[in-house]
Amino acid sequence: MSSDQDHLKETDTEARFEFKKEQKSSFQADKGLTEETIRVISEDKDEPEWMLQRRLRALKQFQEMPMPTDWPGQPDLSEVDVNEIVPYIRPDVETRGGVDDWTDLPDDIKDTFDKLGIPEAEKNALSGVGAQYESEVVYQNMQERWEEKGVVFMNMDQAVQEHEDIVKEYFMTKCVPPSDNKFAALHGAIWSGGSFVYVPEDTTVDMPVQAYFRMNSEGMGQFEHTLIVAEEGSEVHYIEGCSAPKYSAFNLHSGGVEVFVGEDAHVQYSTVQNWSKNTYNLNTKRAIVEKGGRMEWISGSMGSKATMLYPASILKGRGASDNHITIAFAGEGQNIDTGAKVYHNAPNTKSTIESKSISKDGGRTNYRGLVHISEGATNSSTAVECDALMFDNESTSDTMPYMEINESKVDVAHEATVGKIGDEDIFYLQSRGLDDDDAKQMIVSGFIEPITEELPIEYAVELNRLVELEMEGSLG
Numbered sequence: 001m002s003s004d005q006d007h008l009k010e011t012d013t014e015a016r017f018e019f020k021k022e023q024k025s026s027f028q029a030d031k032g033l034t035e036e037t038i039r040v041i042s043e044d045k046d047e048p049e050w051m052l053q054r055r056l057r058a059l060k061q062f063q064e065m066p067m068p069t070d071w072p073g074q075p076d077l078s079e080v081d082v083n084e085i086v087p088y089i090r091p092d093v094e095t096r097g098g099v100d101d102w103t104d105l106p107d108d109i110k111d112t113f114d115k116l117g118i119p120e121a122e123k124n125a126l127s128g129v130g131a132q133y134e135s136e137v138v139y140q141n142m143q144e145r146w147e148e149k150g151v152v153f154m155n156m157d158q159a160v161q162e163h164e165d166i167v168k169e170y171f172m173t174k175c176v177p178p179s180d181n182k183f184a185a186l187h188g189a190i191w192s193g194g195s196f197v198y199v200p201e202d203t204t205v206d207m208p209v210q211a212y213f214r215m216n217s218e219g220m221g222q223f224e225h226t227l228i229v230a231e232e233g234s235e236v237h238y239i240e241g242c243s244a245p246k247y248s249a250f251n252l253h254s255g256g257v258e259v260f261v262g263e264d265a266h267v268q269y270s271t272v273q274n275w276s277k278n279t280y281n282l283n284t285k286r287a288i289v290e291k292g293g294r295m296e297w298i299s300g301s302m303g304s305k306a307t308m309l310y311p312a313s314i315l316k317g318r319g320a321s322d323n324h325i326t327i328a329f330a331g332e333g334q335n336i337d338t339g340a341k342v343y344h345n346a347p348n349t350k351s352t353i354e355s356k357s358i359s360k361d362g363g364r365t366n367y368r369g370l371v372h373i374s375e376g377a378t379n380s381s382t383a384v385e386c387d388a389l390m391f392d393n394e395s396t397s398d399t400m401p402y403m404e405i406n407e408s409k410v411d412v413a414h415e416a417t418v419g420k421i422g423d424e425d426i427f428y429l430q431s432r433g434l435d436d437d438d439a440k441q442m443i444v445s446g447f448i449e450p451i452t453e454e455l456p457i458e459y460a461v462e463l464n465r466l467v468e469l470e471m472e473g474s475l476g
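1 is the number of the first residue of the sequence shown in full-length UniProt numbering; add one for each residue after it.
Spelled out as structure tokens, the structure:
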């Protein structure tokens, strides 16, 4: 690896995320979304007939559903026109489904992920790594000791072929049906790539597995699908990273995530997303948690022009629990609308939601959440905490919690705080030898600590560095 790449990884986060490569592909669909486009993509992937039919049904639902426009304070989506995006680009990699040896990748793709630090992350902290470039996974690897225990970590296109029965049972049937919302339907029609994780009963994967999704081309859409199935008594931590360079035309990211947490199983899903400011980030993520299961969502979202992201958990079994921790950062021209949804559908279930937002230079952040406690979900408890930090009088932050409580024997708590960085705090830190910028960065680092302390050290450092760059206005 060249010394200049080492320098990029160690010292220059901005350069690592903002570089772009000349577009090269072996197959590229036309702009827009038609039945013919869906059939061409499905044929190119050699998919079974049942998957093609699911795609076509999702396309029909997408065409029939209206664009969401009536949510109070929602981001402006008027620029989002699927007829102006390229929905599918197969990168120029000889092996379909990706390679399992890093050195077999084309130099331009390998250089992209080298600069993002993916090989080093794999060596230092991970059980397995998948890397997606444009619309398909180009590299996938899993440590042999986990494969011997029956753990499966592969790209979704490969899983459709090799684990057809599991995928057919779980893929957009129980957790995120295409009928859920317009962008879920869009995703169901045009999905490509993503991760499939299967953890057998009573198996603990004690090191995280990671997937990284990179959009390199201008004016494209990325629609990766992640399906995680954790059987009874199992445990796994899945980490996802996303980025795209800045272009003049808008890009669209509309991923889908489905997590199935078996009885007494534990899944942690962590994502650090750093899209460019020409990207609309519109995802649908959901988990179904069985009896005694535990689900944790940890999300950091920044960089995009507009984000609408509300991971949801359905607590289906007695004693199931859910924990959401979210950070959102909005700068000039950005509207980051994030939150969480939890459905308590059984007794003795528990949920906590902790939302942290930062806005500067006129940016807008918003917490939009839902907690639903069904009749009969006795002795359930939920606590929602929303904290917003603003840098100036032009920035805004809103909190829109919505609670549906249909059972009296429950504990419900909600609190929200909004404030600016105080002059007294800055003055105190300056008196201790810090300049103005370093003082603000220290305050923000303390503000987001509940999230960073839940991440492996490499990702916590990266998240802090990205926030610093957003504060400087250097990204996107």
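Ideal Cβ positions, reconstructed from N, Cα and C, are used throughout, including at glycine.
So who's on the other strand from residue i, going by DSSP bridges?
i	result
residue 222	253
residue 356	327, 387
residue 413	383
residue 240	211, 271
residue 52	Answer by DSSP bridge pairing: none, since residue 52 is not bridged.
residue 401	369
residue 294	266, 321
residue 228	197, 259
residue 287	259, 313
residue 235	204, 266
residue 444	DSSP, once it has assigned bridges, lists no residue as partnering residue 444.
residue 282	308
residue 489	Residue 489 is absent from the model: the chain starts at 1 and stops at 476.
residue 337	308, 366
Determine the contact status of residue i and residue j, defining contact as a CB-CB distance below 8 Å.
i	j	result
residue 367	residue 390	no
residue 404	residue 376	no
residue 314	residue 270	no
residue 235	residue 204	yes
residue 272	residue 317	no
residue 397	residue 431	no
residue 278	residue 305	yes
residue 200	residue 241	no
residue 190	residue 33	yes
residue 365	residue 325	no
residue 164	residue 66	no
residue 425	residue 443	yes
residue 392	residue 361	yes
residue 56	residue 183	no
residue 429	residue 439	yes
residue 198	residue 239	no
residue 385	residue 353	yes
residue 308	residue 72	no
residue 264	residue 292	yes
residue 50	residue 168	yes
Between residue i and the rest of its own chain, which residues show a CB-CB distance below 7 Å, the 5 nearest in sequence each way excluded?
i	result
residue 61	178, 179, 185
residue 43	none
residue 345	314, 315, 316, 374, 377
residue 31	83, 84, 85, 86
residue 363	330, 331, 332, 334, 395
residue 170	227, 229, 258, 260
Report all residues from its chain with a CB closer than 6 Å to the CB of residue i; omit the five preceding and five following residues, and keep chain order.
i	result
residue 339	310, 367, 368, 369
residue 64	none
residue 342	313, 322, 351, 371
residue 348	318, 319, 379
residue 296	268, 323
residue 413	383
residue 221	85, 87, 252
residue 79	250
residue 266	235, 294
residue 188	58, 172, 178
residue 248	For residue 248, the predicted structure reports a pLDDT of 48, less than 50, and the residue's modelled location is therefore unreliable. The matter cannot be settled from this model.
residue 328	301, 336, 338, 357, 365
residue 11	For residue 11, the predicted model reports a pLDDT of 42, less than 50, meaning its position is unreliable and no value from the coordinates is stated.
residue 148	none
residue 410	373, 380
- Query: Pairing CB atoms from the region 160-171 with CB atoms from the region 30-40, are three or more of them under 8 Å?
  - Reply: The region 160-171 vs the region 30-40: no contact.
- Message: Does the structure place the region 282-300 close enough to the region 250-260 that three or more beta carbon pairs sit under 8 Å?
- Response: Remark: three or more beta-carbon pairs, one from each stretch, lie closer than 8 Å, so the region 250-260 and the region 282-300 are flagged as touching.
- What are the uninterrupted segments assigned as beta strand (DSSP E) that are 3 or more residues long and contained completely in the region 134-197, given in chain order? Taking only runs of at least 3 residues, the beta strand (DSSP E) segments lying wholly in the region 134-197 are 136-142, 152-155.
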